[in-house]
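Each remark here refers to the structure printed beneath this line.
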Amino acid sequence: MPIPEDVTGEEIDKDVRQELQSLPKTLAEDVAKNLVMVARLIDEDPEGAYGYSRVALRLASRVAAVREAAGFAAYASQKYSEALAEFRAARRMTGNVDLWPVMADCERGLGRPEKALDMAGAPEVHKLDKAGQVEMRLVAAGARRDMGQLDAAIVTLQSPELASGSVQPWTARLRYAYADALLAAGRDSEAREWFAKAVEADRDGSTDASDRLAELDGVEFTDALDESGANDETDGNAETDGNAETDENAENGDNDVTGESGNADPADKD
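Just so we're aligned, residue 88 is where the sequence shown starts under our numbering, counting upward by one.
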């Protein structure tokens, strides 16, 4: 696959670059460039990112960072079985538990929410950092919703992280997931409160909480370009007292994240 001229391979994380040092120099450069393309495209063009990840995988399948990148590209393309296989391979190579939540989410994607819940109660969860534990909670809550257990999903999300007033990288998504679960359970007023809190925490627009809040408030958005008759043509021929008349504009009209304990508030995989 073609690599743009502005991609040098130096853009990758230094830890990944260090992993690639086990490869011959030219091969390492080629792999690095493909990994850069994966990172560049994964949000806007998942299938394109997946294509570059396959190239990197063909070149360096024994590098953990490559297996991980291939896993995320497959995950973004909703190829959950393939993503899970790559994540498992990366975990075997590194012994790291960081991928545990996304592996559980792959189980959800494969229609196995019960397996995701089993993973949410596994010892590996205790080894995750705070961000990983929150992510695991979001996955567990999503699994509960997959199984139609809305109340359990809400309980799963009720956590110290949700109650905290400090804003962390995960705060907006956690509040959003809680609001969405409340709304699905018919608790509209509570949902509105939490969508508003999600908006407060969503500094980089990672959720559509503001749109959901506006929807609950009955605000309707219209595209001015789609409004027919919004601006009628000006009659440039008629004059009154020397001034051209215009027609009026037309109006248009604690690490237990399974939800079993009752101590906690997960995110639906959207």
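Every residue gets a Cβ at the ideal spot worked out from N, C-alpha and C, and that includes glycine. Everything numeric in this text was worked out from a predicted model, so none of it was measured.
- Counting along the chain, asparagine 121 sits inside the alpha helix (DSSP H) bounded by residues 112-128.
- Contact between the stretch 206-215 and the stretch 250-260 is absent: fewer than 3 CB-CB pairs across the two stretches fall below 8 Å.
- One alpha carbon belongs to leucine 303, the other to alanine 170, and they sit about 36 Å apart.
- Taking C-beta separations shorter than 7 Å and ignoring five residues to either side along the sequence, the partners of threonine 294 in its chain run Ala259, Arg260, Tyr263, Ala285, following chain order.
- According to the DSSP assignment, valine 212 belongs to no alpha helix (DSSP H), since it is labelled neither H nor E.
- The C-beta distance from tryptophan 187 to methionine 223 rounds to 7 Å, short enough to fall under 8 Å.
- Fully contained in the stretch 164-194 are the following alpha helix (DSSP H) runs of length 4 or more, in chain order: 167-181.
- Contact between glutamate 134 and arginine 154 is absent: CB atoms are separated by about 19 Å, not below the 8 Å threshold.
- Remark: three or more beta-carbon pairs, one from each stretch, lie closer than 8 Å, so the stretch 176-183 and the stretch 143-163 are flagged as touching.
- Just so you know, the alpha carbons of leucine 107 and arginine 149 end up roughly 10 Å apart.
- Following the DSSP letters along the chain, one finds tryptophan 281 inside the alpha helix (DSSP H) bounded by residues 275-288.
- Distance from the Cα of aspartate 238 is smallest, within the candidate group Ala161, Ala272, Ala151, for Ala272.
- DSSP places glycine 138 in the uninterrupted alpha helix (DSSP H) bounded by 133-146.
- The beta carbon of alanine 176 sits closer than 6 Å to those of Arg154, all from its chain and outside the five residues before and after it, given in chain order.
- About 5 Å separates the beta carbons of alanine 163 and isoleucine 129, which is inside the 8 Å limit, making them a contact pair.
- When the alpha-carbon of glutamine 245 is set against those of Leu269, Val254, Met234, the nearest one is in Leu269.
- Within 10 angstroms of the beta-carbon of arginine 145 lie fewer than 16 other beta-carbons, which makes it exposed.
- Glutamine 220 is classed as buried because its beta carbon has at least 16 other beta carbons within 10 Å across all chains shown.
- Here glutamine 108 carries a coil assignment [DSSP, helix/strand/coil].
- When the beta-carbon positions are compared, valine 118 and alanine 136 stay at least 9 Å from each other.
- For threonine 243, the number of other beta carbons within 10 angstroms of its own is at least 16, and it is reported as buried.
- Residue state for leucine 197 is assigned as coil, using DSSP reduced to three classes.
- Check the Cα spacing between asparagine 121 and each of Glu201, Gln236, Met88, Val189: the tightest is with Met88.
- Contact check for alanine 191 and alanine 207: beta-carbon distance about 6 Å, within the 8 Å limit, so the pair qualifies.
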